[in-house]
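In this note's numbering, the protein residues as written are 87 to 311.
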């Protein structure tokens, strides 16, 4: 199974289109861990929700499954678009090629962005959703990376990720966790057996692939236009 990871698009439709064109036919599904839009940079003549729908439509154009959660920049009603186009993984468990995929979006920030669930809400929802998992070999899609990893450091090396997400990964041990959000911290890490991956932001021309091979061996690859 080969997954194309498209994180932090931030309304950069042209770069997204270039990636989609370059990688056409080279993946089985798309994982989109949030920030489809940018609340500070909305093109003239469009609403933020319209930009979200344009981005979603570009992702689904190859007619491959898409699994998406919202980012902190995305408006709450982006969920209506996710459900309309059948791509939602937020607070849901979906099935693909024998794997279960579960997601949670948004992130707490000091910037008063639009989709900011508290740590308490995050923990409660993750555990409430996970009770319906039928296997331990599941894939977690999360916007906010787990705390104190290679994926949650801002430029001054401070860790700003989610402690609730880290606790969940430590206790539930998913096969793979794909995140977004901290643009300067793309990379690969682990918590226990869980592989953690953030390929970087689409608006910077970055994206990635995950291959899950026989024996559930996970290989992550970072790419750039």
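Where a beta carbon is used, it is the ideal one built from N, C-alpha and C, also for glycine.
Nearest residue (CA-CA) to residue i, options the options
| i | options | result |
| --- | --- | --- |
| residue 122 | 98, 233, 302, 131 | 98 |
| residue 116 | 162, 146, 203 | 146 |
| residue 165 | 138, 94, 105 | 138 |
| residue 111 | 149, 93, 136 | 149 |
| residue 301 | 214, 184, 226 | 184 |
| residue 173 | 129, 227, 206 | 227 |
| residue 119 | 181, 132, 158, 234 | 158 |
| residue 225 | 214, 179, 198, 235 | 179 |
| residue 287 | 298, 259, 276, 264 | 264 |
| residue 129 | 243, 96, 260 | 96 |
| residue 248 | 242, 105, 233 | 233 |
| residue 258 | 188, 243, 299 | 188 |
| residue 218 | 92, 191, 181, 135 | 181 |
| residue 279 | 229, 303, 299 | 303 |
| residue 192 | 152, 229, 238 | 229 |
| residue 190 | 216, 134, 151, 242 | 216 |
| residue 272 | 285, 261, 262 | 285 |
Range covered by the beta strand (DSSP E) that runs through residue i
| i | result |
| --- | --- |
| residue 276 | 273 to 277 |
| residue 263 | 262 to 264 |
| residue 296 | 292 to 299 |
| residue 289 | First-last for residue 289: undefined, no H or E at that position. |
| residue 307 | 303 to 310 |
Delimiting residues of the alpha helix (DSSP H) encompassing residue i
| i | result |
| --- | --- |
| residue 90 | It is not in any alpha helix (DSSP H) - residue 90 instead sits in the beta strand (DSSP E) that spans 88 to 91. |
| residue 253 | 249 to 258 |
Close-in-space but distant-in-sequence residues of the same chain around residue i (CB under 7 Å, 5 per side omitted)
| i | result |
| --- | --- |
| residue 306 | 274, 281, 283, 294, 296 |
| residue 240 | 246, 268, 270 |
| residue 291 | 101, 310, 311 |
| residue 221 | 186 |
| residue 289 | 94, 95, 96, 98, 101 |
| residue 36 | Because the chain spans 87 through 311 in this model, residue 36 falls outside it and cannot be assessed. |
| residue 171 | 142, 146 |
| residue 256 | 277, 278 |
| residue 140 | 99 |
Cβ neighbours of residue i in the same chain (closer than 8 Å, five flanking residues each side left out)
| i | result |
| --- | --- |
| residue 253 | 209 |
| residue 162 | 156, 200, 201 |
| residue 250 | 205, 206, 208, 209, 212 |
| residue 106 | 144, 145, 147, 148 |
Cβ shell of residue i (< 6 Å), same chain only, five flanking positions each side left out
| i | result |
| --- | --- |
| residue 89 | 115, 117, 296 |
| residue 126 | none |
| residue 113 | 88, 90 |
| residue 298 | 87, 304 |
| residue 124 | 96, 97, 159 |
Any non-hydrogen atom of the ligand ATP within 8 Å of residue i CB
| i | result |
| --- | --- |
| residue 268 | Among the components modelled here there is no ligand, and therefore nothing to report on the ligand ATP. |
Beta-carbon separation (whole angstroms), residue i vs residue j, contact threshold 8 Å
| i | j | result |
| --- | --- | --- |
| residue 155 | residue 176 | 5 Å |
| residue 194 | residue 205 | 7 Å |
| residue 103 | residue 144 | 6 Å |
| residue 277 | residue 235 | 7 Å |
| residue 231 | residue 238 | 4 Å |
Mind listing, in chain order, the continuous beta strand (DSSP E) runs of no fewer than 3 residues lying wholly within the segment 102 to 132? 115 to 118
Please specify which runs of the alpha helix (DSSP H), each continuous and at least 4 residues long, are wholly inside the segment 176 to 229, giving them in chain order. 205 to 216
Give the list of continuous beta strand (DSSP E) stretches no shorter than 3 residues that lie fully inside the segment 139 to 183. 152 to 154, 179 to 182
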